[in-house]
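What follows is one structure encoded as structure tokens, with my remarks underneath.
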Amino acid sequence: MASVVINGERYDVAEGERLIDVCDRVGVYIPRFCYHPNLSVAGNCRMCLVEIEGMPKLQISCNTNVRDGMSVLTDSQKVKEARADVLEFIFINHPLDCPVCDQAGECKLQDYYMEVGLYKSRMPEEFKVKKPRKAVRWGSGIVFDAERCVLCTRCVRFMNEVVGKRAIAVTNRGDHEEIALVEPLDTLYAGNLADICPVGALTSEDFRFKMRVWFLSRTDTVCPGCSRGCNITAWHKDKKIYRFTPRQNESVNHAWMCDIGRYSYKEEDSSSLILKGWVREDSGTKEMGTPELLGLLAQGLKGLKGKAEEAPVAVLVAPDRTNEEMFAICAFMAEVFGSSRVVLDVPAPKGPKDDLLLTGEMASNSRGLSLFASRSAKPYTIDAFKQDLEAGKLEAVMLFGDTWEGLKAAWPGMQEAFKALRTLAMFTSKRKALFSEATFVIPSASMIQKDGTWVNVTGHVQRVRKAYRLNQDILADNESLGLLAEFMGESFQVGKLEDITRRFLEVIAGLSGASLADVGLEGVSLPSEEQAKHLEA
Amino acid sequence: MSPEVLAFSKEAQAELESILQAYPTKQACLLPVLHLVQREFGYISDPVAEAVAGLLDIPLAVAVEVLTFYTLFARRPQAKYVIQVCRGLSCALLGQEELLVYLKNRLKIKEGEMTPDGLFELKTVECLGGCGESPVVRINETYYELQTIDRLGSVLNELSKGPKREA
Amino acid sequence: MKKVIKILTQNFDRDDSHTLETYTKTGGYQAVRKVLGKIAPESVIEEVKRSNLRGLGGAGFPTGMKWSFISKPPKKPVYLLINGDEGEPGTFKDRTIMTRDPHRLIEGVLLASYALGAHAAYIYVRGEFTFCMEALGKAIEEAKEAGYLGKNILKSGFDLDVYVHPGAGAYICGEETALIESLEGKPGRPRNKPPFPAVVGVFGCPTIVNNVETIAHVPQILLNGADWFAKIGSDRNGGTRLFSVSGHVKRPGVYELPMGTPLREILYEHAGGIIGDIPLKGVIPGGSSAPILRPEEIDVGMDFDQLAKIGSMGGSGGIIAMAEGTCMVWALHNLARFYAHESCGQCSPCREGTGWAEKVLRRIEGGHGTASDIELLEKIAKGMSARTICPLADACALPILSYLQKYRDEFEAHVREKRCPVRPKRAA
Ligand SMILES: Cc1cc2nc3c(=O)[nH]c(=O)nc-3n(C[C@H](O)[C@H](O)[C@H](O)COP(=O)(O)O)c2cc1C
Ligand code: SF4
Ligand code: SF4
Ligand code: FES
Ligand code: FES
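Protein chains in written order, with our numbering: chain F, 25 to 561; chain Z, 1303 to 1469; chain B, 299 to 726.
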């Protein structure tokens, strides 16, 4: 441990920690363009200059490692002047048309010059170095606008260091220096370029000019794309999602996310979702409100209770349900039917897999399900379910979730087999997930419409957060099961979400007393198997 | 690498071998190899740049960065004689500007242009490190020092006598 | 006539000065025989330290001290890089060593490598100097054949390979970390320090970069002793240096003179005075990056410390004399254009500042400037000072500030009269 003094305040630091990181951690403001905590240090923008005692020249805080006893000023006159000067240099060859720039509101240049009050550029237009005016499509959803580029080389370093493909080059030199695409980006991570570009030079074709960021609300949640569970922010307004962007989490995704996940926000659009449920009657399907639907379903299910030694009811849980939903489903089956016929090993669809983020397992909570299943002495597997179905032991099946492609691929005859059922109730949010064999469809809350937790591929428990609910008919599965039990006249109670989370964490990890609040924004890592065994012992 | 693009003469091949053994990394060979390639082919076309990148196992982006950063690499065919007038301060103090005007008038081209017959190309360059004998004009790789309009005139006369372009 | 001391240029008046034969006949490769395997590397470094040899590439850093930054024993191979980029306007001295006495450089390289524990050295030669590369190439071959390079040199057990590396047209590659990048096959963009090259240099290994002239001094220092060398120069500035004199002097050229020789003597005795015997208007004492001196300042002794004391610098030893009748705005514009052309482009203040300064100067010089342009120019220069990765931005800013300070009336006259008052009808 060492300590440094910043603007007169003493802080504990680790010797060798980067000064700019220390400042970020303790909330001391340092402007920057080129520094990014997940990329190598370029030190070229010179915005992060600070005064360090004993050094005649200002030093860049991004390339300074703290030493014990170091004394730093970040707000002296000298530092402020340097910032204003450097900013002015960056600004002279930059267009002055923020109102029409797509980055407005998210541009560091705009933020900083507002701050130092640099409104008018001193460089007459005719003297500016002219770079091509038109925005160029770089492919992979990225648009490049050379005249806005401040040459921080973040994009170059991202491609080199994170993606491992040197597609972007810094060409020429001096004030003719320009970023150029040399080979196709051709990566599933291109969207990050728009995030890391500190100005409006690299933007997302998808988001470009669609919406000004300052109109949008944000909800911090987790990407549903694959079992990595990249931390994201969902940007929305009036119950409509405009984009997902990654949120930094060093235990999960650093500052990145893949484009599959990024553009999966579209699946959260109301046009892709089931807004109202229905029941299949002889005359066809009939839309109705969720309470009525659940009432109807409850009647049917009630009759099955005690019909055989084990009621002819089974449940499939898709690997995208929250832990809380899964917990409630299992509890419902156990308490209402005394049954353990809950399938938790529905396979996730396969997808791209790489060394960066994509796990190849395209579902958000496979790990949560499998961890929970592994706590049971004799888990009810998909094979057992198949046998029961073929043996005619089942009359009603309830499906919870949206992610069935993996199961379909593994069991081509599945839908055919479902035809034999009297009741096939689907608690689903997405239109595309529906089976034509369904007799009940209960609109389930999609990830953006509910709270809960998922466990990612490395055993990290993370929070999914509700941004909004599209309508009152849409319910999270734990909520609908509460109603269903009530309509069946059962005393079973689901309990509050926080309580479920607590019980879940206790059951799967022996983390007693851990709560949703503990999971927090960053999530918590489950103890490894050995640690868990140790805890139990 | 496509061998047709980098078809070297025997001497060039030998030089390439000696370049390759002079450095611990292949990328370090890039500048000398680009010089060699330019001597062989007159300029460095995009396919040649790509072939060099392949030969040295480096991303094309690195080759592009290097080619555009340094001033001595030509990415387009050049005139038979590239006239480089030093515009550095010492040369400028001793009459470089007059030389440039003379050359423009005589060749009827502007800076950065080539005569229609492909014989001469006119450029200005920064200090050539020959200020003791200013003004300096470099034509291809040869330094012509202490230049005056008269001297430069006879140099050009001499050069104009040869064949317009090398075969 | 003053006593003439020639160390580096002692053979220059001979036509065959570049041959191994001439060099060995005149005491060449004697230092190697004396030192290799006989004197400990640490003692060699100590000797060089005591000689007060200063880096002659521009910064004047004490050479022996620089060498001592290589930690011993080295965990990785050590590299010695010789800076023959010679790009600073007004400088043309290293080329004379490379062409006229290449063996002196090679022997210096050998001795320095021995002191540093380096077994590979690269001589980075500016791309335009193909004649230097040829001369060095031949000399290296000769030295190899004579057993001065290669394996087990003079049976001392010491191995060394020396290679010539071509630059490709970029002044910035003279900056040592840019040179390292360039040698690695990249654009010459200087590195952030730390780490310093002595810790992480070329190919990730400890590296020392020295100027051609600096290294060429080493053989005689080790042969004749540190005291001999130190005594030739001035206080803390050992030996001689090669002054490149150009501009409006009668006898431009390279002059080897003791450190501390007065600028007046160099200009008026050695270089023969100003052409046409017109008065001097200003003189750049240490390459284009050095702040300009007015005629009343030329009694300064030409060494790093004395020049620093009067607010200029020794730099590369390039002296450019400007006679009355020279427009200082025009001269400064020429320099600013050079720096704008040569900025590597990575630091925002330098990338934008050099170009901006050049444009403002163009405006003033063309008679289109306003009074506020002069202040703007000053602000630009100050804004890019001491805030960048390498000193190129300062090399542009320092002259600007000095010209503005010392010839301000001339800038003001341009703005007032809306034309150049000094050379009104210059060629376009
Ligand atoms: C922009 C710039 C250009 C330079 N150019 C040269 C050069 O051409 N030759 C040189 O020897 N040193 C040059 N230097 C100085 C080198 O960085 C370095 O200090 C020198 O090569 C070290 O050798 P020395 O200690 O023997 O002088 C330059 C420095 C800067 C900042
Ligand atoms: S495009 Fe953006 S990220 Fe890339 S160098 Fe320019 S400003 Fe930086
Ligand atoms: S100061 Fe200029 S030349 Fe030096 S590193 Fe920065 S941009 Fe490049
Ligand atoms: S953030 Fe430190 S120099 Fe750019
Ligand atoms: S100024 Fe022309 S060679 Fe130096």
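Quick reminder that beta carbons are idealized off the backbone N, C-alpha and C, glycines included.
Rounded to the nearest angstrom, how far is the Cβ of residue i from that of residue j, given a contact under 8 angstroms?
i         : j         : result
Gln518/B  : Gly558/B  : Wrong, their Cβ atoms sit about 18 angstroms apart, outside the cutoff.
Arg345/F  : Gly285/F  : With 8 angstroms as the limit, Arg345/F and Gly285/F do not qualify as a contact, their Cβ atoms being about 18 angstroms apart.
Ala219/F  : Pro270/F  : According to the sequence shown, residue 219/F is Asp rather than Ala. Asp219/F to Pro270/F, Cβ: 7 angstroms. Contact.
Thr383/F  : Arg252/F  : 5 angstroms
Thr1417/Z : Ala1365/Z : Thr1417/Z to Ala1365/Z, Cβ: 30 angstroms. No contact.
Ile1451/Z : Glu1423/Z : 19 angstroms between Cβ atoms; not a contact.
Ser85/F   : Ile44/F   : 4 angstroms
Leu378/B  : Val407/B  : 7 angstroms
Ala433/B  : Pro400/B  : 5 angstroms
For residue i, report the span of its alpha helix (DSSP H) as first-last.
i         : result
Ala340/F  : In the sequence under discussion, the amino acid at residue 340/F is Leu, which differs from the Ala named in the question. Counting along the chain, Leu340/F falls outside any alpha helix (DSSP H), though it belongs to the beta strand (DSSP E) covering 337–341.
Met350/F  : 347–361
Asp459/B  : Note, Asp459/B: premise wrong, no alpha helix (DSSP H); beta strand (DSSP E) at 459–464.
Ala441/B  : 428–443
Leu408/B  : 400–414
Met626/B  : 626–640
Asn62/F   : It is not in any alpha helix (DSSP H) - Asn62/F carries neither H nor E in the DSSP assignment.
Thr361/B  : 361–365
Thr307/B  : Segment: none, Thr307/B is in no alpha helix (DSSP H) and carries neither H nor E.
Asn509/B  : Taken as a continuous stretch (DSSP letters only), Asn509/B belongs to no alpha helix (DSSP H), being part of the beta strand (DSSP E) at 505–509.
Ile1451/Z : 1451–1463
Ala106/F  : 101–116
Asn1407/Z : 1398–1409
Under 7 angstroms from any heavy atom of ligand 7, does the C-beta of residue i make it?
i       : result
Leu82/F : Absence of ligand 7 is noted for the structure shown, with ligand 1, ligand 2, ligand 3, ligand 4 and ligand 5 being the only ligands found.
Along the beta strand (DSSP E) that carries residue i, what are the first and last residues, could you check?
i         : result
Ser27/F   : 26–30
Trp526/B  : Trp526/B -> not in any beta strand (DSSP E); alpha helix (DSSP H) instead, spanning 524–530.
Leu318/F  : Careful: Leu318/F lies outside any beta strand (DSSP E), inside the alpha helix (DSSP H) at 314–326.
Phe1422/Z : 1422–1427
Inter-stretch contact at 8 angstroms, needing at least 3 Cβ pairs: the segment 445–465 of chain B / the segment 407–421 of chain B: yes
Start-end ranges of the alpha helix (DSSP H) lying completely within the segment 423–467 of chain F, minimum 4 residues: 429–434, 438–442
- prompt: Where in the segment 1320–1369 of chain Z do unbroken runs of the alpha helix (DSSP H), each at least 4 residues long, occur, reported from the N-terminal end onward?
  reply: 1332–1343, 1348–1357
- prompt: How do the segment 699–710 of chain B and the segment 367–381 of chain B stand: do at least 3 beta-carbon pairs fall below 8 angstroms, yes or no?
  reply: Taking a cut-off of 8 angstroms on C-beta distances, the segment 699–710 of chain B does not touch the segment 367–381 of chain B, as fewer than three cross pairs fall below it.
- request: Please specify which runs of the alpha helix (DSSP H), each continuous and at least 4 residues long, are wholly inside the segment 461–524 of chain F, giving them in chain order.
  value: 501–511
query: Taking three-plus beta-carbon pairs below 8 angstroms as touching, is the segment 248–259 of chain F in contact with the segment 268–285 of chain F?
result: Three or more pairs of CB atoms, one per stretch, sit closer than 8 angstroms, so the segment 248–259 of chain F contacts the segment 268–285 of chain F.
- request: Closer than 9 angstroms, Cβ to Cβ, to anything on chain B: give me those residues from the segment 1427–1441 of chain Z, in chain order.
  value: Val1427, Glu1428, Cys1429, Leu1430, Gly1431, Gly1432, Cys1433, Gly1434, Glu1435, Ser1436, Arg1440
message: Check whether the segment 584–594 of chain B and the segment 1358–1376 of chain Z touch, using three or more Cβ-Cβ pairs below 8 angstroms as the test.
response: Using a Cβ-Cβ distance cut-off of 8 angstroms, the segment 584–594 of chain B and the segment 1358–1376 of chain Z are not in contact, since fewer than three pairs of beta carbons, one from each stretch, lie closer than that value.
field: Uninterrupted beta strand (DSSP E) stretches inside the segment 320–345 of chain B (no shorter than 3 residues)
entry: none
- request: Starting from the N-terminal side, write out each stretch of the alpha helix (DSSP H) that is 4 residues or longer and does not extend beyond the segment 246–301 of chain F.
  value: 283–286
task: State whether the segment 604–620 of chain B contacts the segment 648–661 of chain B, with contact taken as three or more CB pairs (one from each stretch) at a distance under 8 angstroms.
output: no
- prompt: If we count Cβ pairs, one from each stretch, closer than 8 angstroms, do we get three or more for the segment 347–364 of chain F versus the segment 523–530 of chain F?
  reply: yes
- request: Kindly provide the ranges of any beta strand (DSSP E) runs that are 3 or more residues long and lie completely inside the segment 174–217 of chain F, ordered along the chain.
  value: 192–195, 202–205
- request: Determine, using beta-carbon pairs with one atom in the segment 612–627 of chain B and one in the segment 384–403 of chain B, whether at least three such pairs fall under 8 angstroms.
  value: yes
- request: Give, in chain order, every residue of the segment 625–659 of chain B whose Cβ lies closer than 8 angstroms to some Cβ of chain F.
  value: Ala638, His639, Glu640, Ser641, Cys642, Gly643, Gln644, Cys645, Ser646, Pro647, Arg649, Glu650, Gly651, Thr652, Gly653, Trp654, Lys657
message: Quick check on the DSSP output: what are the complete beta strand (DSSP E) runs of length 3 or more inside the segment 380–423 of chain F, in order along the chain?
response: For the segment 380–423 of chain F, whole beta strand (DSSP E) runs of length 3 or above, ordered along the chain, are 383–385.
message: Check whether the segment 308–315 of chain B and the segment 562–571 of chain B touch, using three or more Cβ-Cβ pairs below 8 angstroms as the test.
response: no
task: May I ask you to list, following chain order, the residues of the segment 105–135 of chain F that have a beta carbon less than 9 angstroms from some beta carbon of chain B?
output: Glu105, Ala106, Ala108, Asp109, Val110, Leu111, Glu112, Phe113, Ile114, Phe115, Ile116, Asn117
- request: Any chance you could list the alpha helix (DSSP H) runs of at least 4 consecutive residues sitting entirely within the segment 634–696 of chain B, in chain order?
  value: 646–663, 669–681
task: Closer than 7 angstroms, Cβ to Cβ, to anything on chain B: give me those residues from the segment 1374–1402 of chain Z, in chain order.
output: Cβ proximity to chain B below 7 angstroms picks out Leu1374, Phe1375, Gly1390, Leu1391, Ser1392, Ala1394, Leu1395, Glu1399, Glu1400 from the segment 1374–1402 of chain Z.
- prompt: What residues in the segment 683–699 of chain B have a beta carbon less than 8 angstroms from any beta carbon of chain F?
  reply: Ala684, Arg685, Thr686, Ile687
- request: Check each residue of the segment 171–193 of chain F: if its Cβ is closer than 9 angstroms to any Cβ of chain Z, include it; give the result in chain order.
  value: Val180, Met183, Asn184, Lys189, Arg190, Ala191, Ile192, Ala193
query: So, do the segment 364–384 of chain F and the segment 399–415 of chain F have three or more beta carbon pairs nearer to each other than 8 angstroms?
result: yes
message: Which residues of the segment 59–71 of chain F have a Cβ closer than 9 angstroms to any Cβ of chain B? Give them in chain order.
response: Val65, Ala66, Gly67, Asn68, Cys69, Arg70, Met71
At least 3 beta-carbon pairs within less than 8 angstroms: the segment 344–355 of chain B vs the segment 505–513 of chain B: yes
query: Between the segment 1337–1356 of chain Z and chain B, which residues of the former have a C-beta closer than 9 angstroms to a C-beta of the latter?
result: Residues are counted here when their Cβ sits less than 9 angstroms from a Cβ of chain B; for the segment 1337–1356 of chain Z these are His1337, given in chain order.
task: Select from the segment 1315–1333 of chain Z all residues with a C-beta closer than 7 angstroms to any C-beta belonging to chain B, and list them in chain order.
output: Ala1324, Pro1326, Thr1327, Gln1329, Ala1330, Cys1331, Leu1332, Leu1333
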